[in-house]
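Undergrad:
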Amino acid sequence: MDTEEEVMKTRWLLPAALLLAITGCGELTGGAEGEVTYAEVPSPSEPGGVHPLTLDIAVPEGPGPFPAIVFIHGGGWVIGDLDDFGDRIQEVSRRGFVGVTLNYRLANLDDGHGKALHPWPAQLQDVRCALRWLAANAATYKVDTARVGVIGGSAGGHLAMMSAYARNEARFEPDYCPYSENLEVKAVVSMCGAGDPASVYETTDWWIKPYVTRFLALPDGAKVRDAPEVFADVSNLTYMGHGPRVPLLILQGTADTLVLPEVQRAFAVSAQLLGQEVHVEYLEGAGHDIDATHRTESDELIWKWFGERL
344 MDTEEEVMKT
354 RWLLPAALLL
364 AITGCGELTG
374 GAEGEVTYAE
384 VPSPSEPGGV
394 HPLTLDIAVP
404 EGPGPFPAIV
414 FIHGGGWVIG
424 DLDDFGDRIQ
434 EVSRRGFVGV
444 TLNYRLANLD
454 DGHGKALHPW
464 PAQLQDVRCA
474 LRWLAANAAT
484 YKVDTARVGV
494 IGGSAGGHLA
504 MMSAYARNEA
514 RFEPDYCPYS
524 ENLEVKAVVS
534 MCGAGDPASV
544 YETTDWWIKP
554 YVTRFLALPD
564 GAKVRDAPEV
574 FADVSNLTYM
584 GHGPRVPLLI
594 LQGTADTLVL
604 PEVQRAFAVS
614 AQLLGQEVHV
624 EYLEGAGHDI
634 DATHRTESDE
644 LIWKWFGERL
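Convert by adding 343 to the 1-based position in the sequence shown; the result is the number in the working numbering.
1. By the 10 Å Cβ neighbour count, where 16 or more other Cβ atoms means buried, how is proline 514 classified, buried or exposed?
2. On the criterion of 16 or more Cβ atoms from any shown chain inside 10 Å, does serine 497 qualify as buried, or is it exposed?
3. Would you give the residue range spanned by the alpha helix (DSSP H) that glutamate 434 belongs to?
4. Helix, strand or coil: how does DSSP classify arginine 652 here?
5. Would you list the one or two residues that DSSP bridges to alanine 382?
6. By the DSSP assignment, the alpha helix (DSSP H) with serine 542 in it spans what residues?
7. Looking at the unbroken beta strand (DSSP E) that takes in arginine 490, where does it start and where does it end?
8. Please report the distance separating the alpha-carbon of tryptophan 550 from that of leucine 561.
9. With 16 other CB atoms within 10 Å as the buried threshold, where does leucine 467 fall?
10. Taking the CB atoms as reference points, tell me whether tryptophan 420 and alanine 401 lie closer together than 8 Å.
11. Return the bridge partner residues of glycine 442 from the DSSP annotation.
12. Quick check on the burial criterion: 16 or more other C-beta atoms within 10 angstroms. Buried or exposed for leucine 616?
13. If I follow the unbroken beta strand (DSSP E) through valine 624, where does it start and stop?
14. Could you check where the beta strand (DSSP E) with valine 532 kicks off and where it finishes?
15. Look at arginine 471 and proline 521 and say whether their C-beta atoms are less than 8 Å apart.
16. Can you tell me which of Tyr544, Trp476, Gly457, Gly586 puts its alpha carbon nearest to the alpha carbon of proline 571?
17. Hey, quick one: how far does the alpha helix (DSSP H) through leucine 460 stretch, first residue to last?
18. Out of Thr546, Ala489, Gly586, which one is the CA nearest neighbour of asparagine 511?
Take a look at the structure:
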């Protein structure tokens with residue numbers, strides 16, 4: 344049995360296959376274009392005293408305006424990069440959508456006291472600011488702000504859902520953000536996302552648990568019962584009952600050991616009982632890295648979903 348110290352040493356040195364699995368269901372990388380800084384967050388302990396937030400954007404040819412799809416990378420809220428979805432924004436631009444892939448603050452940097460410099464809810468605040476940037480710059484990038492969808496893989500799936508269902512929560516207001524117009528998300532896709540992190544945390548593989556506790560600024564080995572208010576704050580179920588009604592497609596691998604199929608099923612049922620439209624597509628034999636083995640199948644489902652709703 345691994346000791347707590349061994350777990351701590353291992354969590355930042357994961358094999359490449361595991362890194363691929365948690366950065367968004369095996370997202371493939373590719374060249375993106377149009378990288379811009381959408382905001383700078385004051386951060387005195389970082390170089391220059393700020394943490395720059397960037398996104399890449401790909402715009403179709405033609406006059407527009409076009410619907411847009413915003414991609415949010417995964418990585419346990421601790422690793423990952425906007426390039427993880429670089430190929431996908433190029434593909435959606437060829438399909439007539441503006442494609443956006445964004446970076447957000449990760450919980451990997453240390454605050455000097457053994458805790459994350461940017462724990463929750465920094466990640467959601469950044470996603471909200473990126474959506475506001477898109478609304479503010481819609482004319483420049485030919486975006487139809489009435490037709491915007493969000494998609495994310497793994498931890499990015501969690502943030503994609505939160506960007507829709509917790510859109511009006513003042514708790515997640517990005518005070519640093521220079522833009523004020525909230526963009527209304529019309530459709531969401533979650534690729535093996537952690538809709539309710541508490542249920543995922545209780546059932547996931549041992550090596551992912553330190554990612555969750557670091558993200559939530561909890562001690563390693565913490566139990567859900569030790570911090571129910573923290574896990575409630577980060578759960579989509581907390582907001583789905585009174586938040587906006589936004590259709591959700593969940594792509595779930597039947598062999599996923601990080602987000603178990605039964606956990607995903609229970610989340611979907613709970614969301615439906617709260618009044619949300621939720622569809623779950625199970626990809627037979629797929630693990631958490633569904634793109635690695637089921638890219639063609641998942642692409643068909645994604646494009647069909649957004650094509651019918653945006």
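Don't be surprised by glycine CBs; every beta carbon is placed ideally from N, CA and C.
Values in this document were obtained by computation on a predicted structure and should not be read as measured data.
TA: Taking the coordinates as given:
1. In the sequence as displayed, the identity of residue 514 is arginine instead of proline. With fewer than 16 other Cβ atoms within 10 Å, it is exposed.
2. buried
3. 429-437
4. helix
5. Leu396
6. 540-546
7. 486-496
8. 16 Å
9. buried
10. no
11. Ala401, Ile412
12. exposed
13. Looking at the sequence shown, residue 624 is not valine but glutamate. Its beta strand (DSSP E) spans residues 621-626.
14. 530-534
15. no
16. Tyr544
17. Premise fails: leucine 460 is in no alpha helix (DSSP H) and is neither H nor E.
18. Gly586
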